[in-house]
Amino acid sequence: MAGHLVKEIGTLLPPPAKVTGRDLARWRQERKERIAGRNPDWWARFGRVIEKYRKSIYAYKPNIFSLTRTAQGNFLVSSNREATNSKAVYWLLNSKGKVLAKIETKLWILGISPHFIFFGGLDKEELPFIKAWKRQGTEAEDLLSFQRK
């Protein structure tokens, strides 16, 4: 394997949150809706295993959903979402972990290229869309001005 291992970057991102009983209840309900809708016989036979989950195998919920490297060498980090209609937080970090920009949005996809900010989500009819917004300044300036649009 080529390259070398670098040390971790210290950031001011929020730490992961503890898994709560409410999180587990939501997880059980999502599984029930997904599985019972597709295969009610399977759920009738094996669903009680999922219903019995009362303790998470993980102590903490993941707080990062995605991490991408931008054209200017920064990192675009997105938070995990609590629910489908909740907002995600996006942080633009430099290579030392300093927060250059932070935005909150309901968009599901956000990416920065040398000339565009790409974004995607669901429209009013819940149909997916992907669009591009022309960049004009630095990544941090464009990300902050993009949020104001």
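If you use the numbering used here, the sequence shown corresponds to residues 1 to 149, in order.
Even glycine gets a Cβ: it sits at the ideal position worked out from N, Cα and C.
Can you say whether residue i is buried or exposed, counting buried as having 16 or more other CB atoms within 10 angstroms of its CB?
i	result
Ser113	exposed
Ser79	buried
Glu141	exposed
Ala101	buried
Phe146	buried
Ile117	buried
Val6	exposed
Arg135	buried
Asn74	buried
Tyr60	exposed
Tyr179	The chain is shown only over 1 to 149; residue 179 falls outside these bounds and no answer can be derived.
Based on the DSSP output, what are the partners of residue i in its beta bridges?
i	result
Phe75	Arg69, Leu93
Tyr60	Lys18
Thr105	Ala88
What is the C-beta distance between residue i and residue j, in whole angstroms, given that I count them as a contact (C-beta under 8 Å)?
i	j	result
Trp43	Lys32	7 Å
Ile9	Gly97	4 Å
Ile50	Arg22	Not really, about 16 Å apart at Cβ, beyond 8 Å.
Please list, in chain order, all residues of the same chain as residue i whose beta carbon is under 7 Å from its beta carbon, the five residues on each side excluded.
i	result
Tyr58	Val19
Thr70	Leu76, Ile112, Glu139
Lys87	Glu104, Thr105, Lys106
Sorted by chain position, which residues of the same chain lie with C-beta nearer than 6 Å to residue i's C-beta, five sequence neighbours on each side aside?
i	result
Gln72	Glu139
For the structure I just gave you, are there three or more beta carbon pairs, one from the segment 9-21 and one from the segment 60-72, closer than 8 Å?
Cβ pair count under 8 Å is three or more, so yes.
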